[in-house]
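Count along the sequence shown starting at 1, add 226, and that's the number in this note's numbering.
The beta-carbon is built from N, C-alpha and C at its ideal position, and this holds for glycine as well.
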Amino acid sequence: MFKIPRGTRDFTSEEMQKRRYIEEVMQKTFETFGYKEVQTPTFETLELFTAKSGDAIIEELYSFTDKGGRDLALRPELTAPVIRFYVDKLQMEPKPLKLYYFGNCYRYDRPQKGRYREFKQAGCEIIGTDTAEANAELIAMAYKILENAGVKNLVLNIGNLNILSSLFSQFKLTKDQQKYLIPQIDKSMFEDVFDALRDFDIKKEDASILTEILQTSDIKKIENLVMGDVAKKELEELNKILSFLDKSFGIKNYQIKMSIVRGLDYYKGVVFEIEAPSLGAEKQLCGGGTYELIKLFGGKETPTTGFAIGFDRTILALELEKYEFPNPTLDVFVIPVTEEMIEKSLKITQNLREKGVKVDIDLLRRGMSKSLKYASSINAKKAIIIGPKELEQDSVTIRDMETGKQDLKKIKDIEKIIK
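Set out below in structure tokens:
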């Protein structure tokens with residue numbers, strides 16, 4: 227017996243129904259915001275991902291050398307492939323360019339709840355603008371996608387890496403010192419951050435200012451604490467984004483979180499994360515922000531903002547919140563009463579399918595009562611019973627599977643009755 231590879235999953239038809247439903251909801255929301263779908267290959271050159279994230283990422287990749295000696299990797303995420311695609315073929319397209327996508331990604335990671343080696347990601351990029359309204363719209367769309375999918379308990383955190391970088395520069399922290407601080411900031415180890423700053427000969431007062439900014443969600447307090455023109459300008463822009471979220475998109479459920487330090491090497495401005503507390507420690511559903519990758523990939527630098535949604539974690543969050551997914555249904559189940567009725571039954575079945583009706587037919591010759599029981603088990607809305615007496619009158623019996631009521635109807639009227 228063969229075993230499924232560690233960190234991967236099989237999905238039943240019921241699970242796939244859930245996944246397709248959520249994907250359709252997300253897709254519809256993307257498109258209502260004017261985004262258009264793109265798709266990239268499952269594998270890319272290894273260099274694409276090391277250029278973005280450094281050689282250290284190789285340990286997390288499924289990488290290989292193909293028969294032509296080329297170093298390739300299964301994609302661990304979708305932002306780099308989409309930006310590679312943009313630089314290669316889409317730079318001359320009218321701006322802003324709004325792109326969205328769905329795809330399976332692969333990471334050699336320790337499997338745990340909500341984290342797999344093969345996982346599905348949804349995401350988007352807006353290329354060619356970095357206005358406050360564009361960033362607010364993108365953040366609002368991320369929130370609405372998860373809200374429309376049915377997740378009830380969401381926490382939206384918003385930060386700005388330019389403000390953090392400005393403070394690092396102001397205190398003359400070296401790249402190595404920043405690199406040491408970032409993991410501690412990311413894990414909210416603020417006492418350790420303070421101690422490290424003091425070890426770096428940062429004055430106690432300045433160390434207190436930085437750690438307080440990292441911990442407070444009061445934007446007025448941050449305004450009073452930050453210094454320097456760059457930080458103040460970024461705060462003005464952040465205030466515009468927050469105002470648009472509140473007044474234009476009706477999103478008030480957000481908090482400022484300056485300790486978001488995702489991808490500091492290429493994220494440069496506003497950053498955000500959306501969490502589902504029901505997931506516990508691994509609660510992040512979505513993360514994104516403004517970044518600079520196009521120039522790194524050989525294109526002409528242009529403003530870019532995007533986000534990625536953990537599709538699998540979204541499903542898990544919905545299940546933990548006891549979300550009631552729509553039950554998969556079948557429009558019609560056709561039951562030939564005798565073997566002689568099979569040919570006519572198949573013809574009726576196929577005629578309905580060609581009209582877009584979801585139809586199945588008894589293929590086991592199991593008899594009336596067992597066929598009706600099976601039709602009920604697969605949530606068929608109606609059963610069409612085809613027997614010799616019915617066909618003598620050019621008719622069939624149509625049974626409502628919910629009420630049990632059944633009537634004799636002309637074959638020519640089936641489509642109208644079913645629809």
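Anticipated Cβ contact below 8 Å, residue i with residue j, distance rounded
i    : j    : result
I352 : G513 : With a Cβ gap of about 16 Å, I352 and G513 do not count as contacting.
A502 : V558 : Actually they are not in contact, since the Cβ atoms of A502 and V558 sit about 38 Å apart, beyond 8 Å.
V622 : K608 : Not confirmed; about 11 Å, so no contact.
I384 : I482 : 6 Å
A433 : F416 : Contact flag wrong, Cβ pair sits at about 10 Å.
E363 : T234 : Contact flag wrong, Cβ pair sits at about 36 Å.
T516 : D639 : Actually they do not touch by this definition, with Cβ atoms about 59 Å apart.
G524 : V313 : 6 Å
D586 : L556 : 6 Å
T276 : I284 : 7 Å
F311 : V264 : 7 Å
Q317 : K478 : So it is not a contact: roughly 38 Å between Cβ atoms.
Nearest residue (CA-CA) to residue i, options the options
i    : options                   : result
G294 : I284, P302, T271 and K315 : T271
T305 : Q347, G233, D633 and D412 : Q347
K262 : L316, P231, L325 and D292 : L325
G349 : F328, I365, K548 and E449 : F328
R246 : K570, I486 and I541       : I541
A360 : L274, I309 and E463       : E463
G280 : Y492, E240, F426 and E241 : Y492
D425 : K229, E580 and Q404       : Q404
K631 : I610, S289, S392 and N450 : I610
R301 : R333, Q317, T291 and K278 : R333
R591 : L407, E580 and E569       : E569
F397 : P552, R579 and G454       : G454
L380 : K509, K413, Y406 and T437 : K509
T255 : L316, E373, M318 and D236 : E373
A507 : S289, L274, M227 and K339 : K339
S485 : M594, F228 and I408       : I408
M567 : T437, M594, E550 and A282 : M594
Y288 : N479, D335, M227 and S474 : D335
R296 : F498, S414, K447 and L274 : L274
E184 : E616, E241 and Q576       : Since the first residue of the chain shown is 227 and the last is 645, residue 184 is not available in this structure.
S239 : E518, I604 and E565       : I604
C-beta contact flag for residue i and residue j at 8 Å
i    : j    : result
A543 : L505 : yes
G495 : L382 : no
I248 : A375 : yes
I612 : I574 : yes
C331 : E286 : no
L511 : R539 : yes
D588 : I624 : no
P322 : T266 : no
L178 : V452 : Residue 178 cannot be examined here, being either before or after the span of the chain that is shown, 227 to 645.
Y342 : I500 : no
M627 : S602 : yes
F259 : A299 : no
I535 : I371 : yes
Q243 : P554 : yes
I644 : V563 : no
N465 : I435 : no
A366 : L471 : yes
R232 : P337 : yes
E641 : L578 : yes
Q410 : D402 : no
A358 : I428 : no
Paired residues, beta bridge with residue i - DSSP
i    : result
Q410 : Answer is none; Q410 lacks a bridge partner.
V381 : E501
I353 : L323 and T530
T291 : D297
D538 : D538 pairs with nothing; no bridge assigned.
D335 : D335 pairs with nothing; no bridge assigned.
E270 : A299
K521 : None, per the DSSP bridge assignment.
V487 : DSSP lists no partner for V487.
D633 : I624
K608 : V558 and D626
A360 : Bridge partners of A360: none, in fact.
V496 : N386
D586 : F559
F394 : DSSP lists no partner for F394.
Y480 : L382
K244 : Paired residues: none, contrary to the question.
Q347 : G329 and G536
Q510 : E501
K473 : Note: K473 sits in no beta bridge, so no partner.
C-beta neighbour in chain D for residue i, strict 8 Å
i    : result
Q410 : This model lacks chain D altogether, as it is built from one protein chain only.
beta-carbon residue i near the ligand NAD non-hydrogen atom, thresh 7 Å
i    : result
G536 : By its list of ligands, the structure shown contains no ligand whatsoever, and the ligand NAD lies outside what it can speak to.
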